[in-house]
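Inspection log for the structure reproduced underneath, given as structure tokens.
Number of protein chains: 2
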Amino acid sequence: MTTEELIAQILKKKSFLCVGLDTDIDKIPPHLLNEEDPIFSFNKAIIDATQHLCVGYKPNIAFYEAYGLKGWRALERTIRYLNDNYPEQFTIADAKRGDIGNTSTRYAKAFFENLAFDSVTIAPYMGRDSVEPFLAFKNKHTILLALTSNTGAFDFQTKMMDGREFYKEVLEVSKTYENAENLMYVVGATKAEYLAEIRQIVPDHFLLVPGVGAQGGDLHEVCKYGMNKNIGLLVNSSRGIIYASTGRDFAEKAAEKAAEIQVKMREELGKL
Amino acid sequence: MTTEELIAQILKKKSFLCVGLDTDIDKIPPHLLNEEDPIFSFNKAIIDATQHLCVGYKPNIAFYEAYGLKGWRALERTIRYLNDNYPEQFTIADAKRGDIGNTSTRYAKAFFENLAFDSVTIAPYMGRDSVEPFLAFKNKHTILLALTSNTGAFDFQTKMMDGREFYKEVLEVSKTYENAENLMYVVGATKAEYLAEIRQIVPDHFLLVPGVGAQGGDLHEVCKYGMNKNIGLLVNSSRGIIYASTGRDFAEKAAEKAAEIQVKMREELGKL
Numbered sequence: 001m002t003t004e005e006l007i008a009q010i011l012k013k014k015s016f017l018c019v020g021l022d023t024d025i026d027k028i029p030p031h032l033l034n035e036e037d038p039i040f041s042f043n044k045a046i047i048d049a050t051q052h053l054c055v056g057y058k059p060n061i062a063f064y065e066a067y068g069l070k071g072w073r074a075l076e077r078t079i080r081y082l083n084d085n086y087p088e089q090f091t092i093a094d095a096k097r098g099d100i101g102n103t104s105t106r107y108a109k110a111f112f113e114n115l116a117f118d119s120v121t122i123a124p125y126m127g128r129d130s131v132e133p134f135l136a137f138k139n140k141h142t143i144l145l146a147l148t149s150n151t152g153a154f155d156f157q158t159k160m161m162d163g164r165e166f167y168k169e170v171l172e173v174s175k176t177y178e179n180a181e182n183l184m185y186v187v188g189a190t191k192a193e194y195l196a197e198i199r200q201i202v203p204d205h206f207l208l209v210p211g212v213g214a215q216g217g218d219l220h221e222v223c224k225y226g227m228n229k230n231i232g233l234l235v236n237s238s239r240g241i242i243y244a245s246t247g248r249d250f251a252e253k254a255a256e257k258a259a260e261i262q263v264k265m266r267e268e269l270g271k272l
Numbered sequence: 001m002t003t004e005e006l007i008a009q010i011l012k013k014k015s016f017l018c019v020g021l022d023t024d025i026d027k028i029p030p031h032l033l034n035e036e037d038p039i040f041s042f043n044k045a046i047i048d049a050t051q052h053l054c055v056g057y058k059p060n061i062a063f064y065e066a067y068g069l070k071g072w073r074a075l076e077r078t079i080r081y082l083n084d085n086y087p088e089q090f091t092i093a094d095a096k097r098g099d100i101g102n103t104s105t106r107y108a109k110a111f112f113e114n115l116a117f118d119s120v121t122i123a124p125y126m127g128r129d130s131v132e133p134f135l136a137f138k139n140k141h142t143i144l145l146a147l148t149s150n151t152g153a154f155d156f157q158t159k160m161m162d163g164r165e166f167y168k169e170v171l172e173v174s175k176t177y178e179n180a181e182n183l184m185y186v187v188g189a190t191k192a193e194y195l196a197e198i199r200q201i202v203p204d205h206f207l208l209v210p211g212v213g214a215q216g217g218d219l220h221e222v223c224k225y226g227m228n229k230n231i232g233l234l235v236n237s238s239r240g241i242i243y244a245s246t247g248r249d250f251a252e253k254a255a256e257k258a259a260e261i262q263v264k265m266r267e268e269l270g271k272l
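If you're matching them up, the sequences are chains A and B in order. Residues in the first sequence are numbered from 1 upward in steps of one, following my numbering. Residues in the second sequence are numbered from 1 upward in steps of one, following my numbering.
Printed below as a string of structure tokens:
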């Protein structure tokens with residue numbers, strides 16, 4: 001998917017919501033456990049109920065790897081279901097991968113070709129040759145971790161490197177990578193006050209913002225400091241939406257929670 | 001496996017070699033492609049031929065993920081084969097994972113419980129709460145990326161943070177993590193001259209050293225600067241061993257290459 005297509009979807013749906021499919025078999029409604037593939041059944045129901053309210057879905061790969069073959073099969077079925085039925089959705093493999101060049105190429109093929117995700121999240125620690133193999137894929141997007149939503153972010157990301165905070169160094173250096181126009185960045189909603197300075201470094205790139213909802217981030221603050229003329233934001237919510245109910249009404253309740261966020265997003269988009 | 005058991009294996013075999021199972025279906029001997037599971041067949045033959053010369057095996061997970069379900073199945077069969085037949089081998093899931101706390105717990109369960117690896121490689125970018133969920137597993141080892149073997153390492157790892165190189169900051173900060181005694185560190189053999197300073201910060205921890213062989217690192221230099229009184233080194237070689245031949249003699253040739261390294265290691269251990 002091109003960035004222009006993503007922007008068109010946001011304007012059409014008046015939403016820049018991404019739904020995180022962090023599907024945990026211990027938290028899904030018990031009646032689904034009798035299904036042949038409970039994880040996929042849950043995801044399918046959530047997707048069907050929320051797809052008109054959001055522009056993207058983000059499975060966190062850890063939740064699938066944790067179940068081995070069974071989990072990997074559910075992930076494959078989920079991304080295939082999305083691509084077959086809702087190709088207008090922007091899909092994110094939240095994998096936080098990164099390795100030496102020839103190995104990163106393997107991960108890129110896994111997520112961009114085999115699974116056919118639109119994007120993948122990448123950790124920047126290993127530098128240029130760990131990121132560029134992902135950037136080489138046309139119309140695919142590499143979402144680099146910049147400032148994450150967790151408390152551990154303060155261990156290194158906000159410390160000074162070369163006269164500026166490390167996450168800013170990551171932003172600056174990554175702009176010099178080949179095909180840097182295919183970059184997006186992860187910035188946690190729990191650190192919304194940082195967004196103004198981040199926008200000075202990367203005014204045009206999309207930001208993927210997790211942490212609204214269960215982790216405590218505030219949507220209005222995120223928009224105030226992070227939105228650009230092309231919106232430039234994908235705001236993710238996982239637990240707050242997908243676990244709104246553990247009853248038979250779980251998909252309906254998830255849609256209600258997604259709709260609550262979408263209404264606020266419509267308001268924010270109206271200010272543009 | 002405990003660290004003491006690993007040291008005992010090294011002393012018994014006079015080897016601290018780890019064989020990297022970066023199995024690429026385009027590089028394995030063509031006659032294996034008729035097998036039901038060529039990746040596993042290749043791994044099994046390599047393991048059987050080299051196990052007396054090495055103390056560990058390190059599948060890089062990217063090579064398995066690249067083949068989707070088929071790859072994941074081959075990975076499961078490989079680690080099960082190792083644990084069933086050679087439980088004395090130290091197994092490393094080279095995954096370079098790392099995510100917020102509750103998600104890292106998922107990855108830890110995937111690799112330590114479901115797949116039953118002895119250790120997993122982790123990227124430090126997200127800090128304490130992304131690493132400690134791995135450290136919480138008793139007799140399992142968390143191998144943190146410190147100074148990697150690729151050129152991209154110079155993008156960030158060697159830049160100054162808080163008055164010292166970033167990779168040193170990673171070493172220092174990680175020593176304060178809960179259960180830090182379960183840490184090991186990745187230090188590329190291509191940067192052997194850094195090992196002396198690294199040993200000043202982490203004198204006792206094991207170092208996993210990739211980059212000997214195909215990537216150009218020198219074993220003697222690595223030992224000179226990196227060895228401690230308990231050896232403290234696991235040196236990995238992947239391509240140089242497993243792709244020594246593409247003929248029907250591939251396993252035999254792999255064993256020859258492994259033996260060449262083991263002879264040098266025996267010499268180095270003799271100097272202790």
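Where is the CB? At the ideal position from N, CA and C, for every residue including glycine. The structure displayed is predicted, hence computed values, not measured ones.
Quick test of your reading: residue i and residue j, contact by CB under 8 Å. State the CB separation rounded to the nearest angstrom.
i	j	result
ASN228(A)	ARG199(A)	7 Å
ALA259(A)	LEU53(A)	6 Å
ASN182(A)	LYS140(A)	7 Å
TYR57(B)	GLN89(B)	6 Å
MET184(A)	PHE166(A)	Not confirmed; about 19 Å, so no contact.
ASN236(A)	PRO210(A)	4 Å
ILE242(B)	ILE46(B)	5 Å
ILE61(B)	ALA95(B)	4 Å
THR142(B)	VAL120(B)	7 Å
LYS271(A)	MET161(B)	The Cβ separation is near 38 Å, so there is no contact.
PHE16(B)	LEU208(B)	10 Å between Cβ atoms; not a contact.
Tell me whether residue i sits in a helix, a strand or coil according to DSSP, three-state version.
i	result
GLY56(A)	strand
LYS96(A)	strand
THR121(A)	strand
HIS220(A)	helix
SER130(B)	helix
VAL263(B)	helix
TYR67(B)	coil
TYR333(A)	The displayed coordinates of chain A run from 1 to 272. Any statement about residue 333(A) would go beyond what the structure contains.
THR158(B)	coil
SER41(B)	helix
LEU272(B)	coil
ASN85(B)	helix
ARG73(B)	helix
Going by beta-carbon coordinates alone, are residue i and residue j separated by less than 8 Å?
i	j	result
ALA108(B)	PRO133(B)	yes
PRO59(A)	PHE250(A)	no
ASN179(A)	LEU135(A)	yes
MET320(A)	GLY98(A)	The question about residue 320(A) has no answer, for chain A in this structure spans 1 to 272.
THR78(B)	ASN43(B)	yes
ARG73(B)	LEU75(A)	no
ILE92(B)	GLY71(B)	no
TYR81(A)	VAL131(A)	no
LEU147(A)	SER174(A)	no
LEU195(A)	VAL202(A)	no
GLU65(B)	ALA110(A)	yes
ILE100(B)	SER149(A)	yes
THR240(B)	GLY217(B)	For the sequence presented, residue 240(B) should be read as Gly rather than Thr. Cβ distance not < 8 Å, so GLY240(B) and GLY217(B) don't count as in contact.
LYS14(B)	LEU269(B)	yes
ALA280(A)	GLU252(A)	Residue coverage of chain A in this structure runs from 1 to 272, which leaves residue 280(A) outside it and unanswerable.
So is residue i buried or exposed if we call it buried at 16+ other beta carbons inside 10 Å?
i	result
ARG128(B)	buried
LEU115(B)	buried
GLY247(A)	exposed
THR23(A)	buried
ARG106(A)	buried
THR2(B)	exposed
GLU36(B)	exposed
ALA192(B)	buried
ASN85(A)	exposed
GLU113(B)	exposed
GLY273(B)	This structure cannot settle anything about residue 273(B), because the visible part of chain B is limited to 1 through 272.
ASP118(A)	buried
ASP204(A)	exposed
VAL263(B)	exposed
ASP295(A)	Given that chain A is displayed from residue 1 to residue 272, the structure contains no residue 295(A) and the question cannot be resolved.
Residues in the region 259 to 272 of chain B with C-beta within 9 Å of chain A's C-beta atoms, listed in sequence order?
Correct list: empty, as no residue qualifies.
Taking only beta carbons into account, state which residues of the region 234 to 246 of chain B come closer than 8 Å to chain A, listed in chain order.
Residues of the region 234 to 246 of chain B with a C-beta less than 8 Å from any C-beta of chain A: none at all.
Quick one, which residues of the region 121 to 151 of chain A are near chain B if we go by CB-CB under 8 Å, in chain order?
ALA123, PRO124, TYR125, MET126, GLY127, ARG128, ASP129, SER130, VAL131, LEU145, THR148, SER149, ASN150, THR151
Taking a Cβ distance cut-off of 7 Å, strictly less, list which residues of the region 50 to 78 of chain B are near chain A, in chain order.
ASN60, ALA62, PHE63, GLU65, ALA66, GLY68, LEU69, TRP72, ARG73, GLU76
Pull out every residue of the region 181 to 202 of chain B whose Cβ sits closer than 8 Å to any Cβ of chain A, in chain order.
none
Residues of the region 6 to 30 of chain A with a CB closer than 7 Å to any CB of chain B: list them in chain order, please.
none
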